[in-house]
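Participant: Dropping the structure in here first, questions after.
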Amino acid sequence: MRRDLRSMLALAERREGARKPPIVKTVAARGEGVDEVAVEIERHFAWLTDTGELAVRRARRARDEIEAIAVTALRARWGDVHGRSELDDLAGAVAAGESDPYAAADSLLEQL
Numbered sequence: 011m012r013r014d015l016r017s018m019l020a021l022a023e024r025r026e027g028a029r030k031p032p033i034v035k036t037v038a039a040r041g042e043g044v045d046e047v048a049v050e051i052e053r054h055f056a057w058l059t060d061t062g063e064l065a066v067r068r069a070r071r072a073r074d075e076i077e078a079i080a081v082t083a084l085r086a087r088w089g090d091v092h093g094r095s096e097l098d099d100l101a102g103a104v105a106a107g108e109s110d111p112y113a114a115a116d117s118l119l120e121q122l
């Protein structure tokens, strides 16, 4: 298991200066290594805080959540685009070479 974890960590993309998490051996059934895991969690949290990475990650998660909420709201307002005749008309124009997909998408968005 340790070798597999090392291999996975070696494949992970990390920014320069990023912390490489240690692999802590544990045996949950016997409670072995639990204290070491707690220490490493505290070290990792300290690193996140000291480097500003915690704030960066929180902002990224907040950004992603806001985007997901906005996209969901847009989809709800948009309704079923597949059932709209405007989409069929635009698809026909693209297929006939009278328009391109980007212009058609812009036109659909303007109509909605």
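Counting from 11, one number per residue, gives the positions in the sequence shown under the numbering used here. The beta-carbon is built from N, C-alpha and C at its ideal position, and this holds for glycine as well.
1. Does the distance from the CB of Arg85 to the CB of Trp57 come in under 7 Å?
2. May I ask which residues mark the beginning and end of the alpha helix (DSSP H) holding Ile51?
3. If you drop the 5 nearest sequence neighbours on each side, which residues of the same chain put their C-beta closer than 8 Å to that of Trp88?
4. Alpha carbon to alpha carbon, what distance is there between Ala106 and Glu96?
5. Any contact between the stretch 29-40 and the stretch 11-20? By contact I mean 3 or more CB pairs, one from each, below 8 Å.
Facilitator: The relevant details are as follows:
1. Note that the C-beta distance between Arg85 and Trp57 is not below 7 Å.
2. For Ile51, the enclosing alpha helix (DSSP H) stretches over residues 44-61.
3. Same-chain partners within the cutoff: Leu122.
4. Here the alpha carbon of Glu96 sits roughly 15 Å from the alpha carbon of Ala106.
5. These segments touch.
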